[in-house]
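Here it is, written out as structure tokens:
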């Protein structure tokens, strides 16, 4: 039966739409009618094949799920909001680390060509992790479709996706930032610094995301770490180690910025860019991969888990 469903999903338009509708309804029922702990236990068991221990969590993924339930403050909401977090960054490390903001509105009808600059930018929602729309030439954009896209996006509460409470009370809006892009049209890597009680321990770099996605993990001295942190498919990580990368010129400053921004939290991932000899802030994430990405070998899940003191 499962094989038939997979065939219909991947090979027929009707099958895909019917199955998508059923899956969406199933997720809606689970996310709106199950309590948060039960929801997380079910997702964890489905992903890892073992129970989620919320009474005595030991691995990092277990502790990330524990934090979803027990580490909920107004500051978490502020920092998860891609618009509101700008004030936090300005207060903690200074406005010079902010990528220039070129647009912000709670009304999707304002998302029209005249609202945006003539240079490249990225449009995104402030209340989720959907990424964004890169615009290099606004004359090529279908603004009507873009409005519809963001109207639908802003109607959703991202909290129900994975029970990450910090998203629940964000007032949704659309923002746009200047696109960091060099003369060759290349967008810089974003460096994801995993911080434990205000100390950087792991630096994640996603490489060639749109072609042959790989993920390198480094320590603070830029030594490659001997584990993967990834979703898996067919018994192997989707994002294993990629090509060798040079140590960023601004690594020390990146670490200093991340540690200041993460001081108030048990665990946080601070994303930054090293662009044209300057460090820029990207975003703050509190539950990397929603606590559902496999850390392999498993000894590293336990090793990193020891760094989070609950």
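In the numbering used here, the protein residues as written are 21 to 330.
Glycine is no exception: its CB is placed at the ideal position from the N, C-alpha and C atoms.
Residues of its chain near residue i, where Cβ-Cβ distance is below 7 Å and the 5 sequence neighbours each way are ignored
i: residue 183; result: 56, 59, 60, 88
i: residue 165; result: none
i: residue 196; result: 122, 123, 136, 141, 142, 143
i: residue 132; result: 163
i: residue 65; result: 71, 72
i: residue 192; result: 145, 146, 147, 174
i: residue 120; result: 197, 198
i: residue 108; result: 98, 99
Residues near residue i by beta carbon distance below 6 Å, same chain, minus five either side
i: residue 210; result: 291, 293, 302
i: residue 212; result: 224, 289, 291
i: residue 106; result: 118
i: residue 312; result: 67
i: residue 280; result: 112, 113
i: residue 176; result: none
i: residue 201; result: 140, 207
i: residue 257; result: 248, 250
i: residue 83; result: 77, 325, 328
i: residue 268; result: 294
8 Å Cβ shell around residue i - same chain, five flanking residues per side excluded
i: residue 227; result: 209, 233, 234, 235, 236, 262, 263, 265
i: residue 151; result: 144
i: residue 299; result: 117, 270, 273, 274, 277, 292, 293
Simplified DSSP assignment, three categories, for residue i
i: residue 235; result: strand
i: residue 250; result: strand
i: residue 144; result: strand
i: residue 84; result: helix
i: residue 96; result: helix
i: residue 121; result: strand
i: residue 109; result: helix
i: residue 275; result: helix
i: residue 323; result: helix
i: residue 128; result: helix
i: residue 305; result: strand
i: residue 198; result: strand
i: residue 264; result: coil
DSSP beta-bridge partners of residue i
i: residue 8; result: For the chain, the structure presents residues 21 to 330; residue 8 sits outside this window and is missing.
i: residue 300; result: 293
i: residue 332; result: Given a span of 21 to 330 for the chain in the structure shown, any question on residue 332 remains unanswerable.
i: residue 284; result: Residue 284 is not bridged to any residue.
i: residue 180; result: None, per the DSSP bridge assignment.
i: residue 213; result: 223, 290
i: residue 153; result: 143
i: residue 257; result: 252
i: residue 244; result: 238
Residue closest to residue i, alpha-carbon to alpha-carbon, out of the options
i: residue 134; options: 146, 163, 188; result: 163
i: residue 85; options: 95, 98, 71, 222; result: 71
i: residue 326; options: 221, 273, 241; result: 221
i: residue 189; options: 148, 161, 154; result: 148
i: residue 187; options: 98, 246, 69; result: 98
i: residue 246; options: 54, 129, 316, 196; result: 316
i: residue 248; options: 318, 203, 214; result: 318
i: residue 239; options: 215, 252, 231, 258; result: 215
i: residue 260; options: 161, 314, 192, 200; result: 314
i: residue 283; options: 160, 217, 73; result: 217
i: residue 100; options: 115, 125, 146, 229; result: 146
i: residue 179; options: 307, 323, 194; result: 307
i: residue 219; options: 243, 253, 285; result: 285
Contact with chain C by residue i, beta-carbon distance below 9 Å
i: residue 109; result: In summary, chain C is missing from the structure at hand, where a single protein chain is found.
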